[in-house]
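*Asks:* Residue numbers (the numbering used here): -9 to 259.
For glycine and all other residues, C-beta sits at the position ideal for the given N, C-alpha and C.
Please see the structure below; I have some questions.
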């Protein structure tokens, strides 16, 4: 209903046009539902599963990996020292240690990566359940209001705000995330996923393609780590068996480390 010169005029919409707009609205809602589901998997369920994994078995795996690197380093030093003795040379401890450190750089980088994962899990565990709930609600609002995939015509100022919000979420900075949500309310971002200069048929075709893509991505996501361990992590028998296996591995590594350290000590002393 439009008003022309003060008179109310009803504009008739062609049935085909109305049908296309209804289809677009239906696809738009399905797209946002699937997108929100994917975001929930990536930003909430994955973090929750990852923290559970780290606390139950992941931290012990990290400790074992760290110990295995130490064992590997001792074994390499022992081999290099023994090779020098076989050449009737006195092993140079500082040179051997430098060479081993150089060879193990990739292992040290992996150790740093795993140590960061342990730290993230410990930080998440330290945050109260109420704070985690608020953090996730704020992040969900951030994604719904500012994610570039949902708002392709977002101004640069709001794109920057989205990046800062993601960083705040990743560092559990609730105060900053609260402030960002307040700023969003003042900026008035776009409220749909339509695009300029696009026909109704093109919009339908694009949204249908995007909906199918998100359906496929969500299904594939559930087969990746840590989602592929969701059932096992809920099974106390599996968890206990994995913990026992890791503890046995840990003890074996401790014994190996002691043997190599003693042999190396005899050579250098």
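Buried or exposed: which applies to residue 48, given that a residue is buried once 16 or more other Cβ atoms fall within 10 Å of its Cβ?
*Replies:* Classification of residue 48: buried, given that the 10 Å Cβ count is 16 or more.
*Asks:* Measuring only the C-alpha atoms, how far is residue 170 from residue 94?
*Replies:* Looking at the two C-alpha atoms, the distance is approximately 43 Å.
*Asks:* Counting along the chain, where does the alpha helix (DSSP H) carrying residue 229 start and finish?
*Replies:* Note, residue 229: alpha helix (DSSP H), 226 to 258.
*Asks:* Between residue 219 and residue 43, which are expected to be in contact by the criterion C-beta below 8 Å, what is the C-beta distance as a whole number of angstroms?
*Replies:* Between residue 43 and residue 219 the Cβ distance is about 6 Å, and since that is below 8 Å, they are a contact.
*Asks:* Counting beta carbon pairs with one atom in the segment 19 to 28 and one in the segment 192 to 211, are three or more of them shorter than 8 Å?
*Replies:* Touching, yes, given that three or more Cβ pairs across the two stretches are closer than 8 Å.
*Asks:* Check residue -7 in the structure and name its three-state DSSP category.
*Replies:* Annotation note: pLDDT 49 at residue -7 (below 50); position unreliable, coordinate value reported separately. Three-state DSSP puts residue -7 in a strand.
*Asks:* Taking the straight line between their C-alpha atoms, what separation do you get for residue 12 and residue 141?
*Replies:* Rounded to whole angstroms, residue 12 to residue 141 spans 20 Å at the Cα level.
*Asks:* Do residue 207 and residue 36 have their beta-carbon atoms positioned less than 8 Å apart in this structure?
*Replies:* Result no, Cβ atoms of residue 36 and residue 207 do not sit closer than 8 Å.
*Asks:* Would the segment 72 to 82 and the segment 50 to 60 be scored as touching if the rule is three or more Cβ pairs under 8 Å?
*Replies:* No: the two stretches stay apart, fewer than three of their Cβ pairs being nearer than 8 Å.
*Asks:* Following the continuous alpha helix (DSSP H) through residue 91, name the residue where it begins and the one where it ends.
*Replies:* Looking at the DSSP string, the run of the alpha helix (DSSP H) that includes residue 91 is 83 to 93.
*Asks:* Take residue 104 and list the residues in its own chain whose beta-carbon comes closer than 7 Å to its own, dropping the five residues that flank it on each side.
*Replies:* Closer than 7 Å at the Cβ level, and outside the excluded window around residue 104, lie 52, 55.
*Asks:* Straight-line CA distance for residue 79 to residue 62?
*Replies:* Those two C-alpha atoms are separated by around 23 Å.
*Asks:* How long is the line joining the alpha carbons of residue 33 and residue 188, rounded to whole angstroms?
*Replies:* Cα to Cα, the separation comes out at about 32 Å.
*Asks:* Quick check on the burial criterion: 16 or more other C-beta atoms within 10 angstroms. Buried or exposed for residue 252?
*Replies:* Result: exposed.
*Asks:* In three-state terms, what does DSSP make of residue 40?
*Replies:* If DSSP states are grouped into helix, strand and coil, residue 40 belongs with the helices.
*Asks:* Is DSSP giving residue 163 helix, strand or coil here?
*Replies:* If DSSP states are grouped into helix, strand and coil, residue 163 belongs with coil.
*Asks:* At which residues does the alpha helix (DSSP H) containing residue 28 begin and terminate?
*Replies:* Start and end: 5 to 30.
*Asks:* Could you tell me the alpha carbon to alpha carbon distance between residue 138 and residue 67, rounded to whole angstroms?
*Replies:* One C-alpha to the other measures close to 52 Å.
*Asks:* Kindly indicate the opening and closing residues of the alpha helix (DSSP H) around residue 70.
*Replies:* 49 to 76 is the span of the alpha helix (DSSP H), which, as asked, contains residue 70.
*Asks:* Kindly indicate which three-state DSSP category residue 80 falls into: helix, strand or coil?
*Replies:* Of the three classes helix, strand and coil, the one that applies to residue 80 here is coil, per DSSP.
*Asks:* Please state if the CB of residue 128 and the CB of residue 151 are separated by a distance shorter than 8 Å.
*Replies:* It is not a contact, given that the beta carbons lie outside the stated cut-off.
*Asks:* Candidates 76, 197, 30: which alpha carbon is nearest residue 125's?
*Replies:* Residue 125 has its Cα closest to that of 30, out of 76, 197, 30.
*Asks:* May I ask you to report which of helix, strand or coil DSSP gives residue 212?
*Replies:* Here residue 212 sits in coil by DSSP.
*Asks:* With DSSP collapsed to three states, give me the class of residue 101.
*Replies:* Three-state result, residue 101: helix.
*Asks:* Taking 8 Å as the cut-off, decide whether the C-beta atoms of residue 111 and residue 217 are in contact.
*Replies:* Contact: no.
*Asks:* How would you label residue 193, buried or exposed, when you count the other beta carbons within 10 angstroms and need 16 or more for buried?
*Replies:* So residue 193 ends up on the buried side.
*Asks:* Please classify residue 144: does DSSP put it in a helix, a strand, or coil?
*Replies:* The answer is coil: DSSP assigns residue 144 none of H, G, I, E or B.
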